[in-house]
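Residue numbers for the sequence shown follow this note's numbering, so the first one is 17 and each next one is one higher.
See structure below.
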Amino acid sequence: MCILSYPKYFYCLAALAGSLACSGGLFAQGGNLHERSEVYEAPVDPQVKAKLENWGNQKFGMLIHWGVYAVPGIIESWQICSEPWLERPEGMAYNDYKKWYWNLSSVFNPVNFDPDSWADAAAGAGMKYVVFTTKHHDGFNMFDTQQTDYKITNGPFKNHPKANVAKYVFESFRKKDFMIGAYFSKPDWHNQDFWWDKYATPDRNVNYDIRKYPEKWKAYQDFTFNQISELMHDYGQIDILWLDGGWVRPKETVNDEVRAWGAPIPEWDQEVNMPRIAEMAREAQPGIIFADRTVHGPYENYQTPERKIPDTKLDNPWETCMTLGNNWGYVPNDDFKTSTKVIHSLVEVVAKGGNMLLGVGPQPDGLLPPDALPILAEIGDWLDANSTAIYNTHAIDTYQDGDTYFTANDKETFAITLIAEGSDAPKSVSWKGNLPKKGSVLKLVSSGKNLKYTIKGDVVTVSIPSEIGKDAKAALAFSFKK
Numbered sequence: 017m018c019i020l021s022y023p024k025y026f027y028c029l030a031a032l033a034g035s036l037a038c039s040g041g042l043f044a045q046g047g048n049l050h051e052r053s054e055v056y057e058a059p060v061d062p063q064v065k066a067k068l069e070n071w072g073n074q075k076f077g078m079l080i081h082w083g084v085y086a087v088p089g090i091i092e093s094w095q096i097c098s099e100p101w102l103e104r105p106e107g108m109a110y111n112d113y114k115k116w117y118w119n120l121s122s123v124f125n126p127v128n129f130d131p132d133s134w135a136d137a138a139a140g141a142g143m144k145y146v147v148f149t150t151k152h153h154d155g156f157n158m159f160d161t162q163q164t165d166y167k168i169t170n171g172p173f174k175n176h177p178k179a180n181v182a183k184y185v186f187e188s189f190r191k192k193d194f195m196i197g198a199y200f201s202k203p204d205w206h207n208q209d210f211w212w213d214k215y216a217t218p219d220r221n222v223n224y225d226i227r228k229y230p231e232k233w234k235a236y237q238d239f240t241f242n243q244i245s246e247l248m249h250d251y252g253q254i255d256i257l258w259l260d261g262g263w264v265r266p267k268e269t270v271n272d273e274v275r276a277w278g279a280p281i282p283e284w285d286q287e288v289n290m291p292r293i294a295e296m297a298r299e300a301q302p303g304i305i306f307a308d309r310t311v312h313g314p315y316e317n318y319q320t321p322e323r324k325i326p327d328t329k330l331d332n333p334w335e336t337c338m339t340l341g342n343n344w345g346y347v348p349n350d351d352f353k354t355s356t357k358v359i360h361s362l363v364e365v366v367a368k369g370g371n372m373l374l375g376v377g378p379q380p381d382g383l384l385p386p387d388a389l390p391i392l393a394e395i396g397d398w399l400d401a402n403s404t405a406i407y408n409t410h411a412i413d414t415y416q417d418g419d420t421y422f423t424a425n426d427k428e429t430f431a432i433t434l435i436a437e438g439s440d441a442p443k444s445v446s447w448k449g450n451l452p453k454k455g456s457v458l459k460l461v462s463s464g465k466n467l468k469y470t471i472k473g474d475v476v477t478v479s480i481p482s483e484i485g486k487d488a489k490a491a492l493a494f495s496f497k498k
């Protein structure tokens, strides 16, 4: 390995890492996906139940992964984890790579950071809540924590008037009436009480036997508690605490479902003391929703399937989190989904009773990727026209017939027919079941225009005027009394 001065060394590695990131599947998938829990325990606190119902009506949110990994444009945190599904640049020792990665904090200077523009783009896309990454697994904090110096307010960005990034992100989105979610990683690979330099770091788990060093693990529990307490007390109203890193969990919750992930499972407990955290958080933020991902029990108020939509309707609260591109964070030249693809996924998610959280990663300079903005705007245009078929609806038993999905509110039922990418609407649309009530008017949601339809047996056929077909985008939504 050549020994180079830091700037040249940095950009050489960044190019290599970015090349790996753009190569495809590694960062789109891998051993870091959280599957949906198969067990659900409903909350009993009336305030939590009320907030959870409100959250369920929002349907569409933005997940923002942003940290030092944006600088070279690589997978968030995971390349410093020594597991076989991961790759790093050739010819570089693992510990050297980790040192290079930790040092990204010294060059992360997002001088164009503009959270108001993020909130504008999200609102324009029809999103109603946000989940912002206050800390990912690498331990770099995007808020002014007092528990460590490894944070955005202790680098080249520290003198910026909005250096306490999370505070200003939350403020910008509150101004748009968004529900506010704080993403927080339970594992912290930068913390010596989690990854202790005394030992190697062979995988994602705490790298020492906490049965032998209980005081060290207690220090980590206190560190975690204190950081979450800062978020709960110093950053205004927080509606959702979105806890990632589901392998950090009580040992008694490890079951065959968890083992099926294929991730290493240590012999010891990795409990961060959620009862203590929850009591503090709900005293500070009454009714706050917890998403302790995959750790079935009282602190997983909704389930979070990652990058996939469940095969069938679910009766428990749930949220599909998926990326706009192939990656959660910023990667140069990422392959973004089309607005049609996102809308189709959203329709399916809502029809099956869930919410969708779409990941968009800001650039290292602090702006959203320019190529993402028109896609978000197109999604918003469709939602503006068809909002009543999506927001404040619920799933019904017959939620799908072919390319048509169904939702309902207390007054109407909606049929949403997906249109293939790049196609005009067909001259007619048919579906089985969910028939309009006899004499019911069937309307196009986007315009309120009455449409002609016929019913034969249990099949309804709707005539689509040519002018509608030419202007149709992504999906057609119909409303009727059932």
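Virtual Cβ for every residue (Gly too), placed ideally from N, Cα, C.
N-terminal and C-terminal residue of the alpha helix (DSSP H) that serine 355 is part of | If you number the sequence shown from 1, residue 355 lands on position 339. Segment 355 to 367, the alpha helix (DSSP H) holding serine 355.
So, is glycine 40 buried or exposed, given that buried needs 16 or more other C-beta atoms within 10 angstroms?
-> What you label residue 40 is simply residue 24 of the sequence shown in a count that begins at 1. Since pLDDT at glycine 40 reaches only 38, below the 50 mark, its modelled position is unreliable, and the value read off the structure follows with that caveat. Answer is exposed; the Cβ neighbour count stays below 16.
Count the other CB atoms within 10 Å of the CB of aspartate 487; is the residue buried (16 or more) or exposed (fewer)?
-> To locate residue 487, count along the sequence shown from 1; it is residue 471. Looking at its Cβ environment, which holds fewer than 16 other Cβ atoms inside 10 Å, aspartate 487 is exposed.
Where methionine 338 sits in the DSSP three-state scheme | For the purposes of this step, residue 338 is taken as the residue at position 322 of the sequence shown. In the structure shown, methionine 338 sits in a strand (DSSP, three-state: E or B).
From proline 100 to threonine 217, what distance separates their C-alpha atoms?
-> Here residue 100 is taken as the residue at index 84 of the sequence shown, counted from 1. Here residue 217 is taken as the residue at index 201 of the sequence shown, counted from 1. About 13 Å.
Cβ pair lysine 448, tyrosine 415 closer than 8 Å = For the purposes of this step, residue 448 is taken as the residue at position 432 of the sequence shown. For the purposes of this step, residue 415 is taken as the residue at position 399 of the sequence shown. Not in contact: lysine 448 and tyrosine 415 (Cβ atoms no closer than 8 Å).
Starting from tryptophan 134, trace the alpha helix (DSSP H) both ways and give me its first and last residue.
-> Position 118 of the sequence shown, counted from the first residue, corresponds to residue 134. From DSSP, the alpha helix (DSSP H) with tryptophan 134 extends over 131 to 140.
Take aspartate 327 as the anchor and find which of Glu364, Arg104, Glu106 and Pro380 has the nearest alpha-carbon.
-> As a working note, residue 327 is residue 311 in the sequence shown. For the residues Glu364, Arg104, Glu106 and Pro380, the minimum Cα distance to aspartate 327 belongs to Glu364.
Buried/exposed call for methionine 195, threshold 16 Cβ in 10 Å = To locate residue 195, count along the sequence shown from 1; it is residue 179. Classification of methionine 195: buried, given that the 10 Å Cβ count is 16 or more.
CA-CA distance, methionine 248 and glutamate 187?
-> The residue you call residue 248 lines up with position 232 of the sequence shown. The residue you call residue 187 lines up with position 171 of the sequence shown. Answer to the nearest angstrom: the Cα atoms are 14 Å apart.
Classify aspartate 308 as helix, strand or coil using the three-state DSSP reduction.
-> What you label residue 308 is simply residue 292 of the sequence shown in a count that begins at 1. It is a strand residue.
Cβ shell of threonine 97 (< 6 Å), same chain only, five flanking positions each side left out = Mapped onto the sequence shown, residue 97 falls at position 81. The question names threonine, but residue 97 is cysteine in the sequence shown. Excluding residues within five positions, the ones whose Cβ falls inside 6 Å are Arg220.
Residue burial classification, methionine 338 (beta-carbon count within 10 angstroms, cutoff 16) | Position 322 of the sequence shown, counting from 1, holds the residue named residue 338. The residue in question, methionine 338, is buried, as its Cβ has 16 or more Cβ neighbours within 10 Å.
Selected residue, minimal CA-CA separation from tyrosine 251, among Phe189, Thr404 and Asn466 = As a working mapping, residue 251 is identified with position 235 in the sequence shown. Comparing Cα positions, the closest option is Phe189.
Got a sec, what are the start and stop residues for the alpha helix (DSSP H) asparagine 371 sits in?
-> Locating residue 371 in the sequence shown gives position 355, where the first residue counts as 1. Asparagine 371 -> not in any alpha helix (DSSP H); beta strand (DSSP E) instead, spanning 371 to 375.
Length of the line joining the Cα atoms of valine 493 and isoleucine 395 | One-based indexing of the sequence shown puts residue 493 at position 477. One-based indexing of the sequence shown puts residue 395 at position 379. The residue asked about is misnamed: residue 493 is alanine in this sequence, not valine. Taking the straight line joining both Cα atoms gives about 14 Å.
Output the distance between the C-alpha atoms of isoleucine 325 and lysine 114, rounded to the nearest integer angstrom.
-> The residue you call residue 325 lines up with position 309 of the sequence shown. The residue you call residue 114 lines up with position 98 of the sequence shown. Going by the C-alpha atoms only, they are around 34 Å apart.
Which residue from Gly438, Glu437, Tyr407 and Ala436 puts its Cα closest to that of alanine 424?
-> Taking the first residue of the sequence shown as 1, we reach residue 424 at position 408. Closest option to alanine 424, Cα to Cα, is Tyr407.
Run through the segment 364 to 449 for me and flag every whole beta strand (DSSP E) of 3 or more residues, listed as ranges in chain order.
-> 371 to 375, 420 to 424, 429 to 434 and 444 to 448
Straight-line Cα distance separating valine 358 from glycine 438 | Residue mapping note: residue 438 aligns to position 422 of the sequence shown, counting from 1. Residue mapping note: residue 358 aligns to position 342 of the sequence shown, counting from 1. In a straight line, the C-alpha of glycine 438 is about 14 Å away from that of valine 358.
Identify every run of the alpha helix (DSSP H) within the segment 452 to 491, keeping only runs that are complete inside it and at least 4 residues long; order them along the chain.
-> 482 to 487
Measure the alpha-carbon distance for valine 222 versus aspartate 381 and round it to whole angstroms.
-> Residue mapping note: residue 222 aligns to position 206 of the sequence shown, counting from 1. Residue mapping note: residue 381 aligns to position 365 of the sequence shown, counting from 1. Using only the alpha carbons, I get a separation of about 33 Å.
Where does methionine 108 land, buried or exposed, given buried means 16+ other C-beta within 10 angstroms?
-> Here the question's residue 108 lines up with position 92 in the sequence shown. Burial call: exposed.
Considering only the beta carbon of each residue, do alanine 198 and leucine 257 sit closer than 8 Å?
-> Within the sequence shown, the letter at position 182 stands for residue 198. Within the sequence shown, the letter at position 241 stands for residue 257. Closer than 8 Å, so yes.
Looking at the structure shown, is lysine 329 part of a helix, part of a strand, or coil, going by DSSP?
-> Residue mapping note: residue 329 aligns to position 313 of the sequence shown, counting from 1. It is coil, neither helix nor strand.
Span of the beta strand (DSSP E) holding methionine 501?
-> The shown model of the chain, from 17 to 498, leaves out residue 501, and the question about it has no answer.
Nearest-angstrom beta carbon gap, glycine 375 and arginine 309 [assumed within contact, 8 Å] = Your numbering for residue 309 matches position 293 in the sequence shown. Your numbering for residue 375 matches position 359 in the sequence shown. Going by Cβ atoms, the distance from arginine 309 to glycine 375 rounds to 14 Å, so no, they are not a contact pair.
By Cβ distance below 8 Å, which residues in the same chain neighbour glutamine 45 in space, the five residues on each side in sequence not counted?
-> Sequence index remark: in the sequence shown, residue 45 carries index 29 (1-based). Confidence at glutamine 45 is low in this model, with a pLDDT of 41, below 50, so the placement of that residue should be treated as unreliable; the coordinate-derived value is given next. Same-chain partners within the cutoff: Arg323.
Roughly how many whole angstroms lie between the Cα atoms of proline 378 and alanine 137?
-> Stepping through the sequence shown from its first residue, residue 378 is reached at position 362. Stepping through the sequence shown from its first residue, residue 137 is reached at position 121. Using only the alpha carbons, I get a separation of about 12 Å.
Please classify glutamine 162: is it buried, with 16 or more other beta-carbons within 10 angstroms of its beta-carbon, or exposed?
-> Position 146 of the sequence shown, counted from the first residue, corresponds to residue 162. Its Cβ having fewer than 16 others within 10 Å, glutamine 162 is exposed.
Just checking my contact of threonine 320 with arginine 104 at CB under 8 Å: how many whole Å lie between their CB atoms?
-> For this step, residue 320 is matched to residue 304 along the sequence shown. For this step, residue 104 is matched to residue 88 along the sequence shown. Not confirmed; about 28 Å, so no contact.
Quickly, what does DSSP pair lysine 151 with across the bridge? List them, please.
-> Taking the first residue of the sequence shown as position 1, residue 151 is located at position 135. Asn157 and Phe200, per the DSSP bridge assignment.
Within 8 Å, strictly: CB atoms of lysine 67 and glycine 313 | Sequence index remark: in the sequence shown, residue 67 carries index 51 (1-based). Sequence index remark: in the sequence shown, residue 313 carries index 297 (1-based). For lysine 67 and glycine 313, no; Cβs fall outside 8 Å.
Mind checking which residues open and close the alpha helix (DSSP H) that includes aspartate 238?
-> Here residue 238 refers to the residue found at position 222 when the sequence shown is read from its first residue. 230 to 250 is the extent of the alpha helix (DSSP H) around aspartate 238.
Counted within 10 angstroms of its Cβ, other Cβ atoms place isoleucine 471 as buried (16 or more) or exposed = Numbered from its first residue, the sequence shown carries residue 471 at position 455. Result: exposed.
According to the Cβ coordinates, are valine 461 and asparagine 402 closer than 8 Å?
-> In the sequence shown, counting from the first residue as 1, residue 461 sits at position 445. In the sequence shown, counting from the first residue as 1, residue 402 sits at position 386. Cβ distance < 8 Å, so valine 461 and asparagine 402 count as in contact.
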